[in-house]
DNA sequence: GTAAACTAAGACTTAAAGAGTCGTATTTAA
DNA sequence: TTAAATACGACTCTTTAAGTCTTAGTTTAC
């Protein structure tokens, strides 16, 4: 109930893999899928999403594939999560993800206040953690 | 994708509510459900689970209900989560929840190492946060 | 001793999200 | 022209969370 999705997991594995290759190396989805035993189709979609958001560059055709489009030092784990899952995917408590006005229990419930701190902590850690540090 | 479940949310709201009442006050599920606009049936189940694990004491019959069975200072948010969702509900990455031997990608994938740090951080925060601090 | 107000517990249904699959189109090098 | 790659949408399957329903048991007040 409190896990990163497979898609994020696969995305991180893929990006990390690319970061470990010499800069500019073209890596194929198939290669990654085989090496880490990931379902090709699903990984392919994740790659497409990462490419669409310019985190990786795509090359079509016979010797196509992907390369990292950013420095591993600048690429944050939080970036990868946000791209794959959409913004504010990491939102500990639902109440907080909507505007306070929309929350029926907002006036009486202050439970979120301490949890928002935890939220902040998680966000900070994810923002500070670069792909480089995973290599 | 990275949220506390409603059940945990309801559980925290309930426990916090009880912590705010004078010690020994018997609180009914109905009362909490109405006050915070929570679905009675679902909340009732959460209460039962909390009672079964001795976090709260249950009293049946006409003037029955529940009271906190522990000090709010000693009751950790992590306790509530673990009781309601089962142990290791907060497990950032699946790979880590199983034994390394069972993980096919274990030998090649080291992605989890940095994420385990995050896991530790989250656990620490949840372990340190008491219900008392939510009141 | 019976009715009312509770908890207890399990079975069931529904809804949503995640994971994975399939088919087809497009691009490009050889 | 063929093979190997990306691109993309539609689809199914599975799981889990959320919520509902039903029945049983307990206690107090009258």
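Residue numbers (our numbering), protein chains in the order written: chain A, 1 to 135; chain B, 1001 to 1135.
For each residue, glycine too, the CB sits at the ideal point set by N, CA and C.
Please read these numbers as outputs of a predicted model, since none were measured by experiment.
- Item | is_contact[residue 42 of chain A, chain B] using C-beta, thresh 8 Å | Stepping through the first chain from its first residue, residue 42 of chain A is reached at position 42. Chain B, which has no Cβ nearer than 8 Å to the Cβ of residue 42 of chain A, makes this no.
- Query: Out of A:36, A:76 and A:135, which has the shortest C-alpha to C-alpha gap to residue 50 of chain A?
  - Reply: Along the first chain, one-based indexing puts residue 50 of chain A at 50. Closest in C-alpha terms to residue 50 of chain A, from the list A:36, A:76 and A:135, comes A:76.
- Message: Give me the residue from B:1059, B:1082 and B:1078 with the minimum Cα distance to residue 118 of chain A.
- Response: The residue you call residue 118 of chain A lines up with position 118 of the first chain. Nearest option by C-alpha distance: B:1078.
- Beta-carbon separation of residue 1081 of chain B and residue 1126 of chain B under 8 Å? Mapped onto the second chain, residue 1081 of chain B falls at position 81. Mapped onto the second chain, residue 1126 of chain B falls at position 126. Contact: yes.
- Query: Hey, how far is the Cα of residue 40 of chain A from the Cα of residue 29 of chain A?
  - Reply: Taking the first chain and counting its residues from 1, the one referred to as residue 40 of chain A is at position 40. Taking the first chain and counting its residues from 1, the one referred to as residue 29 of chain A is at position 29. So the two alpha carbons sit approximately 7 Å from each other.
- Message: Looking at chain A, is there any beta carbon in it that lies within less than 8 Å of the beta carbon of residue 1121 of chain B?
- Response: One-based indexing of the second chain puts residue 1121 of chain B at position 121. Closer than 8 Å to some Cβ of chain A, the Cβ of residue 1121 of chain B qualifies, so yes.
- Can residue 137 of chain A and residue 27 of chain A be called in contact, C-beta distance under 8 Å? Since the displayed chain A opens at 1 and closes at 135, residue 137 of chain A lies outside it and no answer follows.
- Query: For residue 125 of chain A, which residues in chain B fall below 7 Å Cβ to Cβ?
  - Reply: Residue numbering aside, residue 125 of chain A sits at position 125 when the first chain is read from its first letter. What residue 125 of chain A touches in chain B: 1118 and 1121.
- Message: My output table needs one value for residue 1125 of chain B: the three-state DSSP class, helix, strand or coil.
- Response: By one-based count along the second chain, residue 1125 of chain B stands at place 125. In the structure shown, residue 1125 of chain B sits in a helix (DSSP, three-state: H, G or I).
- Are the C-beta atoms of residue 1073 of chain B and some chain A residue less than 8 Å apart? Here residue 1073 of chain B corresponds to residue number 73 of the second chain, with the count starting at 1. It does not; no Cβ of chain A falls within 8 Å.
- What residues in its chain sit with their C-beta under 7 Å from that of residue 1070 of chain B, if we drop five residues either side in the sequence? Taking the second chain and counting its residues from 1, one reaches residue 1070 of chain B at position 70. Only 1055 meet the Cβ criterion.
- Looking at C-alpha atoms only, which residue of B:1092, B:1025 and B:1053 is the closest neighbour of residue 1063 of chain B? Translated into positions along the second chain, residue 1063 of chain B becomes position 63. That would be B:1025, whose Cα lies nearest to the Cα of residue 1063 of chain B.
- Which class does residue 1064 of chain B belong to by DSSP, given the choice of helix, strand or coil? As a first step, residue 1064 of chain B must be located in the second chain, where it is residue number 64. If DSSP states are grouped into helix, strand and coil, residue 1064 of chain B belongs with coil.
- Query: From the beta carbon of residue 1099 of chain B, is the nearest beta carbon of chain A less than 8 Å away?
  - Reply: One-based indexing of the second chain puts residue 1099 of chain B at position 99. Confidence at residue 1099 of chain B is low in this model, with a pLDDT of 49, below 50, so its placement is unreliable and the value that follows should be read with caution. Taking Cβ atoms only, chain A never reaches closer than 8 Å to residue 1099 of chain B, which makes this a no.
- In the structure shown, what three-state DSSP assignment does residue 1056 of chain B receive? Working through the second chain from its first residue, we reach residue 1056 of chain B at position 56. Three-state DSSP puts residue 1056 of chain B in a strand.
- Query: Based on Cα-Cα distance, which residue from A:133, A:91 and A:129 lies nearest to residue 3 of chain A?
  - Reply: Mapped onto the first chain, residue 3 of chain A falls at position 3. The candidate whose alpha carbon is nearest that of residue 3 of chain A is A:91.
- Message: So, at 7 Å on beta carbons, what are the nonlocal neighbours of residue 1010 of chain B in its own chain, with the 5 sequence-adjacent residues on each side left out?
- Response: Locating residue 1010 of chain B in the second chain gives position 10, counting from the first residue. The answer, listed in chain order, is 1038, 1042, 1043 and 1046.
- Opposite residue 1130 of chain B in the DSSP bridges: which residues? Counting from one through the second chain, the residue named residue 1130 of chain B turns up at place 130. Residue 1130 of chain B is bridged to B:1076.
- Query: Residues bridged to residue 1027 of chain B by DSSP?
  - Reply: As a first step, residue 1027 of chain B must be located in the second chain, where it is residue number 27. DSSP lists B:1066 as partners of residue 1027 of chain B.
- Pull up the distance between the alpha-carbon of residue 1034 of chain B and that of residue 1014 of chain B, whole angstroms please. The count along the second chain starts at 1 and reaches residue 1034 of chain B at position 34. The count along the second chain starts at 1 and reaches residue 1014 of chain B at position 14. Those two C-alpha atoms are separated by around 11 Å.
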